[in-house]
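Asker: Please see the structure below; I have some questions.
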Ligand SMILES: [Ca+2]
Ligand SMILES: [Ca+2]
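In our numbering, the protein residues as written are 150 to 527.
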């Protein structure tokens, strides 16, 4: 008796959804409702979040330079040398990575502002060991130093350990016009290094260069890389901020020039990808047009059936636009379309997207106080 009634109800609701859906979206029912809960509260400008064993989460806060551990409803500050982190403007304690072999080696990585010996600042990548009680870190080594910094503007800095075990570092151009096209500086690049030693990855395009900095470069010609994500097919993608137009999502090709060259001075009226430069500049796979959304961190949605049409899309957090945009690309990397779920437009500025092992997404807010790590699932 109950089953036919239930079936009729489902059919009726299904029809209603189709009838009331806006005409611009051909397949509304294919996108499930997203459920959003606040997993961690009371944060100040969290920049990145990564999962640790036992359901724990590790969070960096940019300007407070705190490393925060969350577990089952409670959070506490990990003992960490915050005073050794230089923070100014957009730079501070930023990208975070957890070693794939964390359970045995306890290694984590941060990208952070630093104080140069003899004065001045830089952005650097540091390897740490987190103790067995998750209460303190010990510095193991600085893997990459000397990523340029000026006022703190365009400090990057996203970390990613792809499936083959290298460490990728997405850097900003430090608002210096010549940095992105110069192979003699680490600014405006995606770097690729050995995650234990900081040595250049053997397959890097300029690994035989006389300039030790060039050996670390995977791609160049970037403005401010704040998103790095590996697709299930192994391809690597970056997300970066445009000036007044054209945030970009790029598919990274070894040795590729992504075309940012804001000279003379720091002339931000030039295109994000300037094809008139000598040689080949690789066009973005997606660009925002005008105005920018201020795209930051990104992660690919997994294959869980509950995600429906979101499966395999790139979820990109946007600061200025205060949303997560889901971008669809075909297997050749061509942009097919985008979806902005209304469920993720109510939380102000959003900085990063991290996919958990079960497919849930973590999204950090960036409003300056009362910030949260949101957990998103269908
Ligand atoms: Ca570009
Ligand atoms: Ca050209």
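Even for Gly, the Cβ is constructed at its ideal location relative to N, Cα and C.
Decide if residue 360 is buried, meaning its Cβ has at least 16 other Cβ atoms within 10 Å, or exposed.
Answerer: Sequence index remark: in the chain shown, residue 360 carries index 211 (1-based). Burial call: exposed.
Asker: With a threshold of 7 Å, establish whether the CB of residue 428 neighbours any heavy atom of ligand 2.
Answerer: Translated into positions along the chain shown, residue 428 becomes position 279. At least one heavy atom of ligand 2 is nearer than 7 Å to the Cβ of residue 428, so yes.
Asker: Would you mind stating whether residue 335 and residue 362 have Cβ atoms separated by less than 8 Å?
Answerer: Mapped onto the chain shown, residue 335 falls at position 186. Mapped onto the chain shown, residue 362 falls at position 213. Their beta carbons are under 8 Å apart, which means residue 335 touches residue 362 by this criterion.
Asker: When the Cα of residue 388 is compared with those of 281, 371, 381 and 382, which residue comes out closest?
Answerer: For the purposes of this step, residue 388 is taken as the residue at position 239 of the chain shown. Among 281, 371, 381 and 382, the Cα nearest to that of residue 388 is on 371.
Asker: In whole angstroms, what is the alpha-carbon distance linking residue 178 and residue 346?
Answerer: As a position in the chain shown, residue 178 is number 29, starting the count at 1. As a position in the chain shown, residue 346 is number 197, starting the count at 1. At residue 178 the pLDDT is 49, less than 50, meaning the model places this residue with poor confidence; the figure from the coordinates comes in the next sentence. Roughly 49 Å between the two C-alpha positions.
Asker: Following the continuous beta strand (DSSP E) through residue 399, name the residue where it begins and the one where it ends.
Answerer: Translated into the one-based positions of the chain shown, residue 399 becomes position 250. Its beta strand (DSSP E) spans residues 397–400.
Asker: Roughly how many angstroms lie between the CA atoms of residue 254 and residue 248, to the nearest whole one?
Answerer: By one-based count along the chain shown, residue 254 stands at place 105. By one-based count along the chain shown, residue 248 stands at place 99. If I take the Cα positions, the gap works out to 8 Å.
Asker: In chain order, what are the residues with a CB under 6 Å from some non-hydrogen atom of ligand 1?
Answerer: Going by the Cβ distance cut-off, the answer is 397, 407, 408, 409, 421, 422 and 433.
Asker: Roughly how many whole angstroms lie between the Cα atoms of residue 525 and residue 245?
Answerer: Position 376 of the chain shown, counted from the start, is the residue given in the question as residue 525. Position 96 of the chain shown, counted from the start, is the residue given in the question as residue 245. Each residue's Cα considered, the two are about 20 Å apart.
Asker: Only counting the same chain, and skipping five residues up and downstream in sequence, which positions put a Cβ closer than 6 Å to that of residue 341?
Answerer: Position 192 of the chain shown, counting from 1, holds the residue named residue 341. 315, 317, 350, 353 and 367, listed in sequence order.
Asker: Would you decide whether residue 330 is buried or exposed? Buried here means 16 or more other CB atoms lie within 10 Å of its CB.
Answerer: Along the chain shown, one-based indexing puts residue 330 at 181. With 16 or more Cβ atoms within 10 Å of its Cβ, residue 330 is classed as buried.
Asker: If I measure Cβ to Cβ from residue 383 and keep anything under 7 Å in the same chain, skipping five residues before and after, which residues do I get?
Answerer: Locating residue 383 in the chain shown gives position 234, where the first residue counts as 1. Counting only Cβ-Cβ distances below 7 Å, and skipping sequence neighbours, we find 312.
Asker: Candidates 235, 435 and 519: which alpha carbon is nearest residue 268's?
Answerer: The residue you call residue 268 lines up with position 119 of the chain shown. Considering only alpha carbons, the answer is 235.
Asker: To the nearest angstrom, report how far apart residue 480 and residue 462 are at their CA atoms.
Answerer: For the purposes of this step, residue 480 is identified with residue 331 of the chain shown, where counting begins at 1. For the purposes of this step, residue 462 is identified with residue 313 of the chain shown, where counting begins at 1. Going by the C-alpha atoms only, they are around 11 Å apart.
Asker: Can you tell me whether residue 284 is buried or exposed? The criterion is at least 16 other CB atoms within 10 Å of its CB, across all chains shown.
Answerer: For this step, residue 284 is matched to residue 135 along the chain shown. Classification for residue 284: exposed.
Asker: Counting pairs of Cβ atoms below 8 Å between the segment 320–329 and the segment 286–301, do you hit three or more?
Answerer: Yes, the segment 320–329 touches the segment 286–301.
Asker: Scan the segment 230–263 and note each continuous alpha helix (DSSP H) run of 4 residues or more that stays entirely inside, going in chain order.
Answerer: Those alpha helix (DSSP H) runs which fall completely within the segment 230–263 and span 4+ residues are 251–254.
Asker: Between which residues of its own chain and residue 344 is the CB-CB distance below 6 Å, once the five residues before and five after are set aside?
Answerer: Stepping through the chain shown from its first residue, residue 344 is reached at position 195. Counting only Cβ-Cβ distances below 6 Å, and skipping sequence neighbours, we find 316.
Asker: Given that a residue counts as buried once 16 or more other Cβ atoms are within 10 Å of its Cβ, and exposed if not, what is residue 226?
Answerer: Here residue 226 corresponds to residue number 77 of the chain shown, with the count starting at 1. Residue 226 should be labelled exposed.
Asker: Determine the contact status of residue 288 and residue 277, defining contact as a CB-CB distance below 8 Å.
Answerer: Position 139 of the chain shown holds residue 288. Position 128 of the chain shown holds residue 277. Cβ distance < 8 Å, so residue 288 and residue 277 count as in contact.
Asker: Do residue 396 and residue 443 have their C-beta atoms closer together than 8 Å?
Answerer: Reading the chain shown from its first residue, position 247 is the one you call residue 396. Reading the chain shown from its first residue, position 294 is the one you call residue 443. Cβ atoms of residue 396 and residue 443: closer than 8 Å.
Asker: With contact counted as at least three CB pairs below 8 Å, one residue from each stretch, are the segment 415–424 and the segment 486–495 in contact?
Answerer: In short, these stretches do not touch, since the Cβ pair count stays below three.
Asker: Considering only the alpha carbon of each residue, which of 197, 410 and 405 lies closest to residue 385?
Answerer: Taking the first residue of the chain shown as position 1, residue 385 is located at position 236. The candidate whose alpha carbon is nearest that of residue 385 is 405.
Asker: For residue 167, which of helix, strand or coil comes out of DSSP?
Answerer: Translated into the one-based positions of the chain shown, residue 167 becomes position 18. Because residue 167 carries a pLDDT of 38, less than 50, the predicted location of this residue cannot be relied on, and the following value inherits that uncertainty. Helix.
Asker: The beta strand (DSSP E) spanning residue 389 covers which residue range?
Answerer: In the chain shown, counting from the first residue as 1, residue 389 sits at position 240. Here the beta strand (DSSP E) through residue 389 covers 385–389.
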